[in-house]
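Using the UniProt record's numbering, read the sequence shown as starting at 1 and increasing by one per residue. Ideal placement from N, C-alpha and C gives every residue a C-beta, glycine not left out.
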Amino acid sequence: MAAGLNQDGSILFLSCDLQNSTQFKQKSEGGWIATFLAFYSEFPSLLANKITDSYPVLRDRLSLWKAIGDELIFLVTIQSEQECSDAIDAWTATMLEFEIQHLLGKTPMTLKGGAFLATVPAPDRRVAIPRTIQISDGGSQIDVEETNEATLNSADTAEAFGINFAMDFVGPSIDTGFRVLKFAARSYFVLTVEVAHLLFKHYNDDKTKRGRAAYLLGTHSLKGVWGGRPYPVFAIARSLEAATPEQLLAKAFGNGDNPGLVTNEYPHRTPSEVLEAIEAYRSAAAWQGAIHAPEAHEPDFKKHQPVLDVRQYLDNLNDTSEDPLNSAEDWGEEDALGDDLPRD
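In structure tokens:
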């Protein structure tokens with residue numbers, strides 16, 4: 001049974017990336033350092049404040065997964081559509097707050113971002129990566145899955161685990177997520193199909209959020225994803241400090257009904273209008289994404305059967321109850337009588 005840090009379910013990954021950072025570093029000599037340090041330290045602090053003030057159910061649950069150059073990626077295990085929506089709202093609000101405090105009017109940089117979902121242990125997997133090089137016994141037969149599970153199950157705290165191991169995630173959902181993040185822009189926070197499904201279903205069910213729009217940034221063939229078939233890239237429009245000229249022009253000429261009419265502006269619909277199409281993609285043959293959120297409002301989001309099946313398989317790796325007895329170590333029969341007992 002999964003224990004420690006090895007918790008099954010759907011994990012939301014949230015990305016925030018500095019745009020125009022190379023230009024800024026090349027032209028400002030050493031003046032760029034303070035801004036980057038602020039990004040690495042102040043952005044997480046602003047996020048923590050936003051969550052504490054507005055989304056207390058998520059307090060202490062978001063944590064850093066990776067810092068990749070100019071990009072920060074945090075993660076949180078979600079239990080419902082509401083938590084997915086709250087985490088994204090907190091994240092995008094923090095993006096704008098950081099821009100206003102540290103970037104706009106001070107640097108040429110802005111932020112872009114997106115979200116993707118992975119589900120462990122199927123179709124994706126949580127892995128423990130040793131931080132140091134270790135000598136292995138070339139003659140030993142190590143079950144790598146069993147070793148990985150035992151390491152994760154024995155981890156009581158992230159701090160203790162992090163001393164010797166790095167926590168990582170692998171699988172098709174991770175690959176898809178990074179492919180989709182390439183389409184992020186300042187105005188549009190991109191979403192993989194699973195995140196879009198959770199988010200737009202919540203928007204549709206919550207009367208206070210039905211006015212929010214679902215954007216489509218086109219369908220794109222993503223390398224290695226869904227056999228090369230065009231993948232729909234969804235997005236939500238970020239709340240910015242002011243509407244861009246492009247947004248105002250797109251609104252004047254069709255308000256989302258004329259895709260391609262204005263460069264970098266895209267069609268949008270109400271959440272209820274896109275749900276059927278999203279469901280069709282997710283039920284298509286060879287689709288790899290999954291959702292396992294036990295407290296979800298939508299029944300189909302509550303359970304992904306392969307999660308339970310793979311968990312049973314992994315648990316059985318350490319189950320020795322059916323192992324045959326080793327007769328060489330069986331000290332039964334006459335040897336068990338002792339020297340002081342009568343013998344025939």
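So, for residue i: in the same chain, excluding its five sequence neighbours on each side, which residues have a beta-carbon less than 7 Å away from its beta-carbon?
| i | result |
| --- | --- |
| residue 39 | 18 |
| residue 203 | 209, 210, 212 and 271 |
| residue 150 | 318 |
| residue 152 | 4, 5, 6, 126 and 128 |
| residue 175 | 224 and 225 |
Following the continuous alpha helix (DSSP H) through residue i, name the residue where it begins and the one where it ends.
| i | result |
| --- | --- |
| residue 8 | Residue 8 -> no alpha helix (DSSP H), and no H or E assigned at all. |
| residue 66 | From DSSP, residue 66 is part of no alpha helix (DSSP H) but of the beta strand (DSSP E) over 63-68. |
| residue 149 | 144-153 |
| residue 162 | 158-164 |
If you count every other CB in all the chains shown that lies within 10 Å of the CB of residue i, and 16 or more means buried, which is it?
| i | result |
| --- | --- |
| residue 253 | exposed |
| residue 239 | exposed |
| residue 129 | exposed |
| residue 179 | buried |
| residue 115 | buried |
Could you check whether the Cβ of residue i sits closer than 8 Å to any Cβ belonging to chain B?
| i | result |
| --- | --- |
| residue 48 | Here there is only one protein chain, and chain B is not present. |
Since residue i contacts residue j with CB under 8 Å, what's their CB separation in whole angstroms?
| i | j | result |
| --- | --- | --- |
| residue 292 | residue 86 | That belief does not hold up - the Cβ atoms of residue 292 and residue 86 are roughly 18 Å apart, past 8 Å. |
| residue 205 | residue 297 | 6 Å |
| residue 186 | residue 112 | 5 Å |
| residue 154 | residue 4 | 6 Å |
| residue 311 | residue 2 | 6 Å |
Go through its chain and collect everything with a Cβ distance to residue i's Cβ below 6 Å, but skip five positions before and after it.
| i | result |
| --- | --- |
| residue 11 | 75, 77 and 118 |
| residue 236 | 189 |
| residue 335 | Legend: pLDDT at residue 335 = 46, less than 50; position of this residue unreliable, value from coordinates given subsequently. Counting only Cβ-Cβ distances below 6 Å, and skipping sequence neighbours, we find nothing. |
Within a Cβ cutoff of 8 Å, which residues of the same chain sit near residue i, ignoring the five residues on either side of it in sequence?
| i | result |
| --- | --- |
| residue 322 | Any answer about residue 322 is weak, because its pLDDT of 47 lies below 50 and its placement is not dependable; what the coordinates show is given next. Taken in chain order, the list of residues that qualify is empty. |
| residue 58 | 51, 76, 83, 86, 87 and 90 |
Which two residues bound the contiguous beta strand (DSSP E) that contains residue i?
| i | result |
| --- | --- |
| residue 91 | Premise fails: residue 91 lies in the alpha helix (DSSP H), 81-98, not in any beta strand (DSSP E). |
| residue 71 | 71-78 |
| residue 128 | 125-130 |
With which residues is residue i paired in a DSSP beta bridge?
| i | result |
| --- | --- |
| residue 254 | Partner(s): none; residue 254 has no beta bridge. |
| residue 268 | 215 |
| residue 231 | 220 |
| residue 189 | 236 |
| residue 112 | 17 |
| residue 314 | Residue 314 pairs with nothing; no bridge assigned. |
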